[in-house]
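In this text, residue positions in the sequence shown follow numbering that gives the first Met the number 0: the first is 0, and each later residue adds one.
Structure record follows, encoded as structure tokens.
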Amino acid sequence: MGIDALVSKPGVRALGIAESFRLDLRYSILVGVVMRSDGVIDGVSLGRTTVGGLDATDAVISLYRSFSRNDIQLIMIDGCIISWYNIIDLERLSNELGLPIMCLTFEEPEGDVVNALRKLFPSDSDVRVRLYEKLGKPREMLLPGGLRIYVRFAGIDYRTARTIIRKFVREGKRPEPIRVARLIANALLNYVRAP
Numbered sequence: 000m001g002i003d004a005l006v007s008k009p010g011v012r013a014l015g016i017a018e019s020f021r022l023d024l025r026y027s028i029l030v031g032v033v034m035r036s037d038g039v040i041d042g043v044s045l046g047r048t049t050v051g052g053l054d055a056t057d058a059v060i061s062l063y064r065s066f067s068r069n070d071i072q073l074i075m076i077d078g079c080i081i082s083w084y085n086i087i088d089l090e091r092l093s094n095e096l097g098l099p100i101m102c103l104t105f106e107e108p109e110g111d112v113v114n115a116l117r118k119l120f121p122s123d124s125d126v127r128v129r130l131y132e133k134l135g136k137p138r139e140m141l142l143p144g145g146l147r148i149y150v151r152f153a154g155i156d157y158r159t160a161r162t163i164i165r166k167f168v169r170e171g172k173r174p175e176p177i178r179v180a181r182l183i184a185n186a187l188l189n190y191v192r193a194p
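Structure, rendered in structure tokens:
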């Protein structure tokens, strides 16, 4: 399906991915929710990434493939830097999966990420900095009601990404596939934390 069809089709299927982690655990909880733009959920899967690792891209690929289906038309991820500086390679994801990929953040980016990477991960900071710089700067996107989000994307243009994101936002800033995946990831982390 072409990009133009994504905009015009009423029942676009997106895989929303979110994670939840604690620094005292080796792995984060990665959740994928397949949702149609009409709000129907028709798939959920679980995965994991290493907290502070370099396996986020592979984890997203594995999570996508765990669905064993070919009707997912795009992927939305809650952030490009997850699980304590585990950086996702958007271009690689889009190329390997043949899908449009969007990473969304909901606050204005701040801080010196490159300096943090060099300080926290001296042994592999060059790899992390390269991945981070490859992402480029996020693009600001205005949603109805004047709400702002920040988006990085691959395999899709800004205008189409905005149209699709707006299809999936019911209230607030988060598209429903990401919002639901985040709720599940947080609930699972709380369950793991429980005595």
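For every residue, glycine included, the Cβ atom is placed at its ideal position computed from N, Cα and C.
Helix, strand or coil for residue i, going by three-state DSSP, please let me know.
i	result
Asp57	helix
Asn69	coil
Ile16	strand
Ser27	strand
Leu45	strand
Pro143	helix
Asp111	coil
Val222	Residue 222 lies beyond the range of the chain shown here (0 to 194); nothing can be said about it.
Arg125	Note on residue identity: the sequence assigns Asp, not Arg, to residue 125. Helix, per DSSP.
Val168	strand
Arg64	helix
Val191	helix
Arg21	coil
Val33	strand
Val11	coil
Use the C-beta contact count for residue i: other C-beta atoms within 10 angstroms, 16 or more gives buried, fewer gives exposed.
i	result
Leu146	exposed
Leu141	exposed
Val126	exposed
Ile40	exposed
Leu29	buried
Arg169	exposed
Glu175	buried
Ser122	exposed
Per DSSP, residue i is paired with what?
i	result
Glu90	Glu90 pairs with nothing; no bridge assigned.
Arg151	Cys102
Arg173	Answer is none; Arg173 lacks a bridge partner.
Asn85	Ile81
Ile76	Ile16 and Cys102
Arg138	Val150
Ile163	The partner list for Ile163 (beta bridge, DSSP) is empty, contrary to what the question assumes.
Ile40	Met34
Using CA atoms only, rank isn't needed, just tell me which of the options is closest to residue i.
i	options	result
Gly51	Leu24, Val33 and Glu139	Leu24
Ala58	Ala17, Asp70 and Leu22	Ala17
Val150	Arg192, Asn114 and Phe105	Phe105
Gly78	Val168, Met101 and Thr162	Met101
Pro137	Leu103, Ile164 and Ser124	Leu103
Leu62	Gly15, Asp37 and Glu90	Gly15
Thr159	Ser19, Val112, Ser44 and Leu73	Leu73
Ala186	Phe20, Ala13 and Phe120	Phe20
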